[in-house]
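Single-structure report; data block below.
Numbering (the working numbering), first residue to last: 752 to 1036.
Below is the structure:
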């Protein structure tokens, strides 16, 4: 196993943990508009990225050839966050986390288009299994009750596209802190109008929880950016599913939320597909 791949695995495990903690803080912050939660989530990342850039004296300019990918990364990532936060606030956070964790499979699809990284037959089969697993988690009834789950799935699509663009820029020398900086700035500015229109006064505990969510999100963002810059999505995606384990544990320990049996079946199918694909890739390595 190459040094880059080992570093990518360590980074994606770190990101999984921090994203799980972030989701818990977002839920504990209570009934606040997603615009408001998103702003705080990205504001902390913006401040931390700015500090890193100033300390290391990085230039923040993006090469012209990478500007389209940065715009797609920012737009898709912001949509992904808003959808994920809405799902986390309305359904079981373990379910919301699993739907968001379909992002590596969508990253495989987008990598085919953007990176020309051709998936193997096994990748396509695992993608099909992940879709089946998602149906168990979503339990679509084609009624209004299914909307939060579908929005959670859309968040996974947005995240998958964003991570693909992160890898594209990372392989072309764009620094991780610069990627986080521009994404966080774009996201803060884009959700600001919605936050101003729907702002809800917060208690001190809600403010602290959102600041904590923003801090853990920033740690996760730096980690996931580093991971996808160092290795292909098809090589490290299985490790991203540890977030579901972290989230399920935190959900049970703190919120006393227990997923239903259909959701558990969906978890097992999706995680099983990811693990099987990893085992096959290890065997052929």
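Think of the CB as a built atom: it goes at the ideal place given N, C-alpha and C, for glycine as much as any other residue.
Notebook entry, point to check: Taking the alpha-carbon positions, what's the residue 1026 to residue 948 distance?
Noted result: Whole-angstrom Cα-Cα distance: 44 Å.
Checklist line | Contacts around residue 880, its chain only, beta-carbon distance under 7 Å, and the 5 residues preceding and following it disregarded | finding: Annotation for residue 880: 1020, 1024 place their beta carbon closer than 7 Å to its own, counting only its chain and skipping 5 residues before and after.
Notebook entry, point to check: Which residues in the same chain as residue 931 place their Cβ atom closer than 7 Å to its Cβ, once the five residues preceding and following it in sequence are excluded?
Noted result: Hits under 7 Å: 796, 800, 972, 973, 976.
Note to self: Just to confirm, is the Cβ distance from residue 1012 to residue 921 under 8 Å?
What the structure shows: The answer is no: Cβ separation not under 8 Å.
Check: Between residue 781 and residue 987, what straight-line distance do the alpha-carbon atoms span, to the nearest angstrom?
Finding: Counting only the Cα atoms, residue 987 lies some 33 Å from residue 781.
Item checked: Neighbourhood of residue 982 by C-beta, 7 Å cutoff - its chain only, sequence neighbours within 5 removed -> The beta carbon of residue 982 sits closer than 7 Å to those of 755, 756, 759, all from its chain and outside the five residues before and after it, given in chain order.
Item checked: contact_flag[the segment 830-844, the segment 772-779] where n(CB pairs < 8 Å) is 3 or more -> Verdict: yes, contact present.
Next item on the list: Measure the C-alpha to C-alpha separation of residue 933 and residue 821 and round it to an integer number of angstroms.
Entry: For residue 933 and residue 821, the distance between alpha carbons rounds to 8 Å.
Check: Alpha carbon to alpha carbon, what distance is there between residue 808 and residue 900?
Finding: Rounded to the nearest angstrom, the two C-alpha atoms are 42 Å apart.
Next item on the list: Pair every Cβ in the segment 999-1011 with every Cβ in the segment 782-793, then say whether three or more of these pairs are closer than 8 Å.
Entry: Contact fails: fewer than three Cβ-Cβ distances are below 8 Å.
Checklist line | Buried or exposed (CB count within 10 angstroms, at least 16 for buried), residue 836 | finding: By the neighbour-count definition (other C-beta atoms within 10 Å, threshold 16), residue 836 is a buried residue.
Item checked: Counted within 10 angstroms of its Cβ, other Cβ atoms place residue 856 as buried (16 or more) or exposed -> With 16 or more other Cβ atoms within 10 Å, it is buried.
Next item on the list: Under 7 Å Cβ to Cβ from residue 791, same chain only, skipping five residues before and after it: list those, please.
Entry: Answer for residue 791: 961, 962, 964, 965, listed in chain order.
Item checked: Sequence-distant residues of the same chain with beta carbon closer than 6 Å to residue 918, five excluded per side -> Taken in chain order, the residues that qualify are 979.
Item checked: Residue burial classification, residue 1017 (beta-carbon count within 10 angstroms, cutoff 16) -> By the C-beta density criterion, residue 1017 is buried, having at least 16 other C-beta atoms within 10 angstroms.
Checklist line | Straight-line gap, residue 793 to residue 943 (C-alpha atoms, nearest Å) | finding: The alpha-carbon atoms of residue 793 and residue 943 are separated by roughly 11 Å.
Notebook entry, point to check: Tell me which same chain residues have a C-beta within less than 8 Å of the C-beta of residue 968, skipping the five on either side of it?
Noted result: Excluding residues up to 5 positions away in sequence, 769, 770, 773, 792, 793, 795, 796 lie with their Cβ nearer than 8 Å to the Cβ of residue 968 in the same chain.
Notebook entry, point to check: Going straight from the alpha carbon of residue 872 to that of residue 806, what length do you get?
Noted result: Distance between the alpha carbons of residue 872 and residue 806: 45 Å.
Checklist line | Uninterrupted alpha helix (DSSP H) stretches inside the segment 927-978 (no shorter than 4 residues) | finding: Counting whole runs of 4 or more residues, the segment 927-978 contains the alpha helix (DSSP H) stretches 927-949.
Notebook entry, point to check: Starting from residue 811 and walking both ways along the alpha helix (DSSP H), at which residues does that stretch end?
Noted result: For residue 811, no alpha helix (DSSP H) encloses it, and the DSSP letter there is neither H nor E.
Check: Got a sec: does the ligand SAM put a non-hydrogen atom nearer than 7 Å to the Cβ of residue 912?
Finding: Ligands in the displayed structure: none, and consequently the ligand SAM is not present.
Next item on the list: Work out the CA separation of residue 765 and residue 803 for me, nearest whole Å.
Entry: Going from the Cα of residue 803 to the Cα of residue 765 covers about 19 Å.
Checklist line | Cβ-Cβ distance between residue 854 and residue 767 below 8 Å | finding: No, the pair does not count as a contact, with Cβ atoms beyond the cut-off.
Check: Does the Cβ of residue 897 have 16 or more other Cβ atoms within 10 Å, making it buried, or fewer, making it exposed?
Finding: Result: exposed.
Check: With DSSP run on the structure shown, which of helix, strand or coil describes residue 753?
Finding: Of the three classes helix, strand and coil, the one that applies to residue 753 here is coil, per DSSP.
Next item on the list: State yes or no: is the C-beta of residue 838 within less than 8 Å of the C-beta of residue 902?
Entry: Yes, they are a contact pair.
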